[in-house]
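Residue numbers (the working numbering), protein chains in the order written: chain A, 1472 to 1857; chain B, 94 to 388.
For glycine and all other residues, C-beta sits at the position ideal for the given N, C-alpha and C.
The model shown is predicted, which means the values in this text are computed figures rather than measured ones.
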Amino acid sequence: MNIHEHQAKDLFAAAGIPVPRGRVAHTPAEAREIARELNAKVVVKAQVHAGGRGKAGGIQLAATPEEAEAKAKAILGMEIKGLPVKRVLVAEQLDIEHEHYLGIVLDRARKRPVVMASAAGGIDIEEVARTAPEKIVRCHVDPLAGLHPFEAREICFTIERRGEVAQRMAPILNRLADLYRRVDASLAEINPLVVARDGQVWALDAKVVLDDNALYRHPELEALREDEDPNEAAARRMGLSYIRLDGEIGCVVNGAGLAMATMDVIKAYGGTPANFLDIGGSSNPDKVLTAMDILASDRKVKAIFFNIFGGITRTDDVAQGIAQALAKRKPRVPIVIRLTGTNEERAREILSGIGLTSTTSMDEGVKQAIAQAREGRAAPAAGGRR
Amino acid sequence: MSILIHERTRVVVQGITGRDGSFHARSMLEYGTQVVAGVTPGKGGSQLDGRVPIFDTVKEAVRATGADASVIYVPAAFAADAILEAAAAGVALTVCITEGIPVADMIEVWEVIERLKTTRLIGPNCPGLISPGKSKIGIMPGFICRPGRVGLVSRSGTLTYEVVKALTDAEIGQSTCIGIGGDPIIGTSFVDVLALFAADPDTDAVVLIGEIGGTDEQEAAEFIRRRYPKPVVAFIAGQTAPPGRRMGHAGAIVSGSSGTAEEKIRAFADAGVGVARVPSEIPAKVSATISARVR
């Protein structure tokens, strides 16, 4: 789960990592009020779950409360990478002398977290890793003991020449490592970690990504969930895994790998997938209904493709779920069903009872769905179930 | 022959009295797997269907029945502990089906089982494995398989079944099919399984099904490039996945520019591996590599 910069900074502050004074604002007037309270030049920063905020104009400086209000007004109206900006962080400006990078991330290959640090902060660390890998210092964290203070010192004295500044950075890195572990993060990043002209060290930006699998033991962090797509939220509550894309073929699939492969097959045959949707092993009609409602609400969807492999899942149960869902609501777009595996003859009987046919081949089903979507696009008024 | 499991593998089921545990214990028995024991703390002394004795601890189960493999169906919050219990009891193979284990828990588990070196872990978040006609451990449906000489290794569940069934329909049987799991931290990697298949005299070719996220496929490609002795056919799921979004599996996420399907497909192509564009191309590619070899 992604959290916003201002939320990550609250976690930082509670962990003893220095962050510039500031607060989050939902309106331009609030932004002005915060700037007045801070009584300093401020920076107004869009709070969205997307990178590249600065380049998109989502981070702007303001010298006065009035200017902060105007800048907030501009940013609050913006969309960054398709995401509307609903709140801004208004924070004190710093007198920046140097920008470092500190981050902790899971190293999957080594099966332990790794600290990455660099004197080349403030820019995309992946870019640094690609173009100048020698500028990044790496240190794996002992999974049982955590990051030792001496390791933090070694790292910080490597990237920062001035001893007294490095001495201030090292405990910040230890606190970041402790936080990473305590909140079950999969990423904790300070980019940039700023050295101000007076030699003080600040986390100017903050990024924390939380492990979804561990949220059950952190209800206080679950409460930080914000700005989720309403359909994705509805899917999650129903135990479905849904991600919206941009295409025309809505997909309902059992299993994550098969769902990804279904999207790939659609693309290979010249169609465009509208989503990733894994209904899991369940054949619960409510899940099927939720899935169809979600896909139907996406106006770009021109056909819905069910791809069900009955291994443990019984395909007749899924067919029953589809029949019950259709009895409750008629979809506005054609439905194509591919199912194969356990009890597929019975499933086909159920489907033909409600006027639906199905195929056993994924490729065949995908081709049919693409054809149906093309027809629907050519004659939108003629939409509906066939 | 087959790898990892065979007719004589003796299995203990951790979480045997749960809904999933009991269902799959019965399904394994029906397939012919030697399910010799179950474990549910507090249910020791009882039996499943009057035929499988249940114990309170894995240690007792192993001592009483000589189980040498464990399969875990316990909920995510308790699964890490269950893996450690199996490792401490010394079962040679531990298969963890459970999905949703926190990554931090798996980091600790890996640290401990690496030190103990008593067990090979498969999973978590995997469908398990099957040596068709001999034994299955986990949740794979037996009816889609047929005995044969192609090994299959995959990070996913139903996509694995899809490909196994396509092979079976094309009359290409399998030696062993293994789902290694869709999480960021798993016990057995593609490279580990490729090495086992390389050494198995009854496996002629390998099908590898990868997906976006991580670098396990790239490492497999590098391993194959260094004179892997058997033909490999691969498919990578998630060619259309956008970066930064988790595609169901906790491990299936493209971070920045790394872990993309494109990168993995290129790595395999460079290693001389036939890469299928869609899953249905796999059987023909396998037939072609095998007959090329026989000729």
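Exercise. Could you tell me which of Glu-1550/A, Val-1513/A, Thr-1831/A and Glu-1622/A sits nearest to Val-1807/A, measuring between CA atoms?
Key: Indexing the first sequence from 1 puts residue 1807/A at position 336. Minimum Cα-Cα distance from Val-1807/A among the listed residues Glu-1550/A, Val-1513/A, Thr-1831/A and Glu-1622/A corresponds to Thr-1831/A.
Quiz item: Out of Glu-123/B, Glu-204/B and Asp-293/B, which has the shortest C-alpha to C-alpha gap to Leu-245/B?
Solution: Reading the second sequence from its first residue, position 152 is the one you call residue 245/B. Ranking the options by Cα distance to Leu-245/B, first place goes to Asp-293/B.
Practice problem: Find the residues of chain A that neighbour Gln-267/B, judging by a C-beta separation of less than 8 Å, and give them in chain order. | Solution: Taking the first residue of the second sequence as position 1, residue 267/B is located at position 174. Those within 8 Å of Gln-267/B in chain A number zero; the least Cβ separation is about 15 Å.
Exercise. Can you say whether Arg-339/B is buried or exposed, counting buried as having 16 or more other CB atoms within 10 angstroms of its CB?
Key: As a first step, residue 339/B is located in the second sequence; it is residue number 246 there, counting from the start. Around the beta carbon of Arg-339/B, 16 or more other beta carbons lie within 10 angstroms, which makes this residue buried.
Quiz item: Out of curiosity, what's the CA-to-CA distance linking Asp-1655/A and Val-1514/A?
Solution: Mapped onto the first sequence, residue 1655/A falls at position 184. Mapped onto the first sequence, residue 1514/A falls at position 43. Taking the straight line joining both Cα atoms gives about 30 Å.
Quiz item: Looking at Val-164/B and the ligand NAD, is the gap between the Cβ and the nearest heavy atom below 7 Å?
Solution: Within the structure as shown, the ligand NAD is missing, as the structure has no ligands at all.
Exercise. Name the two residues that bound the continuous beta strand (DSSP E) containing Ala-162/B.
Key: Residue mapping note: residue 162/B aligns to position 69 of the second sequence, counting from 1. Taken as a continuous stretch (DSSP letters only), the beta strand (DSSP E) holding Ala-162/B covers 162-165.
Practice problem: Taking C-beta pairs closer than 7 Å, name the residues in chain B that Ser-1858/A reaches, listed in chain order. | Solution: The requested residue 1858/A does not occur in the structure, where chain A is confined to residues 1472 to 1857.
Exercise. Check the Cβ of His-99/B against every Cβ in chain A and list those closer than 9 Å, keeping chain order.
Key: Sequence index remark: in the second sequence, residue 99/B carries index 6 (1-based). Those do not exist, as His-99/B stays about 22 Å from chain A at its closest Cβ, beyond 9 Å.
Quiz item: Whose C-beta lies closer than 6 Å to the C-beta of Ala-364/B among residues of the same chain, with five residues either side of it excluded?
Solution: Residue 364/B sits at position 271 when you count from the first residue of the second sequence. So the qualifying residues of the chain are Ala-314, Ile-317 and Arg-318.
Practice problem: Can you tell me which of the three DSSP states Glu-192/B falls into? | Solution: Here residue 192/B is taken as the residue at index 99 of the second sequence, counted from 1. DSSP places Glu-192/B in coil when its eight states are reduced to three.
Quiz item: Which one or two residues does DSSP pair with Asn-1473/A in a beta bridge?
Solution: Within the first sequence, numbered from 1, the residue matching residue 1473/A stands at position 2. Its beta-bridge partners are Val-1680/A.
Exercise. Evaluate contact between the stretch 1812-1829 of chain A and the stretch 1783-1792 of chain A, counting only Cβ atoms and requiring at least three cross-stretch pairs below 8 Å.
Key: Taking 8 Å as the limit for Cβ pairs, the verdict is that the stretch 1783-1792 of chain A does touch the stretch 1812-1829 of chain A.
Exercise. Pull up the DSSP beta-bridge partners for Ala-330/B, would you.
Key: Position 237 of the second sequence, counted from the start, is the residue given in the question as residue 330/B. Under DSSP, Ala-330/B forms a beta bridge with Glu-304/B.
Exercise. Report yes or no: is there a C-beta of chain B within less than 8 Å of the C-beta of Thr-1813/A?
Key: On the first sequence, residue 1813/A is found 342 positions in, with the first residue counted as 1. It does: the Cβ of Thr-1813/A has a partner Cβ on chain B nearer than 8 Å.
Quiz prompt | Beta-carbon neighbours of Ser-1712/A, restricted to chain B and to distances below 7 Å | solution = For this step, residue 1712/A is matched to residue 241 along the first sequence. What Ser-1712/A touches in chain B: Gly-341.
Self-check item: Cβ pair count under 8 Å reaching 3, the stretch 224-240 of chain B against the stretch 280-293 of chain B
Solution: No, they do not touch.
Quiz item: Arg-1558/A: which of Gly-1617/A, Pro-1690/A, Pro-1756/A and Val-1519/A sits nearest, CA to CA?
Solution: Stepping through the first sequence from its first residue, residue 1558/A is reached at position 87. The shortest C-alpha to C-alpha distance from Arg-1558/A to any of Gly-1617/A, Pro-1690/A, Pro-1756/A and Val-1519/A is the one to Val-1519/A.
Quiz prompt | Local Cβ density within 10 Å of Ile-206/B, reported as buried at 16 or more and exposed below that | solution = Stepping through the second sequence from its first residue, residue 206/B is reached at position 113. That one is buried.
Quiz item: Which same chain residues, not among the five before or five after Tyr-1572/A, have their C-beta less than 6 Å away from its C-beta?
Solution: Position 101 of the first sequence holds residue 1572/A. The answer, listed in chain order, is Ser-1589, Gly-1592, Ile-1596 and Asn-1662.
Exercise. Please decide whether Leu-301/B counts as near chain A, where near means a Cβ-Cβ distance under 8 Å.
Key: Residue 301/B sits at position 208 when you count from the first residue of the second sequence. Not one chain A Cβ lies under 8 Å of Leu-301/B.
Quiz item: Can you give, in chain order, each stretch of the beta strand (DSSP E) that sits fully within the stretch 1557-1607 of chain A and has at least 3 residues?
Solution: For the beta strand (DSSP E) assignment, the uninterrupted runs of no fewer than 3 residues enclosed by the stretch 1557-1607 of chain A are, from N- to C-terminal side, 1559-1563, 1567-1578 and 1583-1589.
Practice problem: Excluding the 5 residues preceding and the 5 following His-1477/A in the sequence, name in chain order all residues of the same chain whose CB lies nearer than 8 Å to its CB. | Solution: Start at 1 with the first residue of the first sequence, and residue 1477/A comes out as number 6. Taken in chain order, the residues that qualify are Gly-1493, Arg-1494, Val-1495, Gln-1518, Arg-1558 and Leu-1560.
Quiz item: Of all the residues that make up the stretch 1560-1592 of chain A, which are near chain B by a beta-carbon distance shorter than 7 Å?
Solution: Contact annotation: in the stretch 1560-1592 of chain A, residues whose CB is within less than 7 Å of a CB in chain B are Leu-1577, Arg-1579, Ala-1580, Lys-1582 and Arg-1583.
Quiz item: Could one say the Cβ of Ile-1643/A lies closer than 8 Å to chain B's Cβ atoms, at least one of them?
Solution: Reading the first sequence from its first residue, position 172 is the one you call residue 1643/A. By this cut-off, Ile-1643/A is not an interface position.
Practice problem: Check whether the Cβ atoms of Val-188/B and Val-164/B sit closer than 8 Å, and answer yes or no. | Solution: For the purposes of this step, residue 188/B is taken as the residue at position 95 of the second sequence. For the purposes of this step, residue 164/B is taken as the residue at position 71 of the second sequence. A Cβ-Cβ contact shorter than 8 Å links Val-188/B with Val-164/B.
Quiz item: Taking the continuous alpha helix (DSSP H) assigned at Thr-1811/A, which residues delimit it?
Solution: In the first sequence, the residue the question calls residue 1811/A occupies position 340. For Thr-1811/A, no alpha helix (DSSP H) encloses it; the enclosing beta strand (DSSP E) starts and ends at 1806-1812.
Quiz item: Roughly how many angstroms lie between the CA atoms of Ala-1580/A and Ala-1506/A, to the nearest whole one?
Solution: Within the first sequence, the letter at position 109 stands for residue 1580/A. Within the first sequence, the letter at position 35 stands for residue 1506/A. C-alpha separation (whole angstroms): 46 Å.
Self-check item: As assigned by DSSP and simplified to three states, the class of Val-1666/A
Solution: Locating residue 1666/A in the first sequence gives position 195, counting from the first residue. Here Val-1666/A carries a strand assignment [DSSP, helix/strand/coil].
Quiz item: Touching or not, the stretch 193-211 of chain B and the stretch 1608-1625 of chain A, by the rule of three or more beta carbon pairs under 8 Å?
Solution: Output reads yes: the stretch 1608-1625 of chain A touches the stretch 193-211 of chain B.
Quiz item: So, does the CB of Asn-1662/A fall closer than 8 Å to a CB anywhere in chain D?
Solution: Absent from the structure: chain D. Protein chains present are A and B.
Quiz item: According to DSSP, is Asp-1787/A helix, strand or coil?
Solution: Here residue 1787/A refers to the residue found at position 316 of the first sequence. If DSSP states are grouped into helix, strand and coil, Asp-1787/A belongs with the helices.
Quiz item: DSSP state of Ser-1657/A, grouped into three classes?
Solution: Reading the first sequence from its first residue, position 186 is the one you call residue 1657/A. Strand.
Quiz item: If you count every other CB in all the chains shown that lies within 10 Å of the CB of Ser-1823/A, and 16 or more means buried, which is it?
Solution: On the first sequence, position 352 is the one that residue 1823/A refers to. Here Ser-1823/A is exposed, its C-beta having fewer than 16 other C-beta atoms within 10 Å.
Practice problem: Using only alpha-carbon positions, find the residue among Gln-267/B, Ala-169/B and Thr-333/B that is nearest to Leu-301/B. | Solution: Position 208 of the second sequence, counted from the first residue, corresponds to residue 301/B. Relative to the Cα of Leu-301/B, the nearest Cα in the group Gln-267/B, Ala-169/B and Thr-333/B belongs to Gln-267/B.
Self-check item: Where Gln-1795/A sits in the DSSP three-state scheme
Solution: Reading the first sequence from its first residue, position 324 is the one you call residue 1795/A. Residue state, collapsed to three classes: helix.
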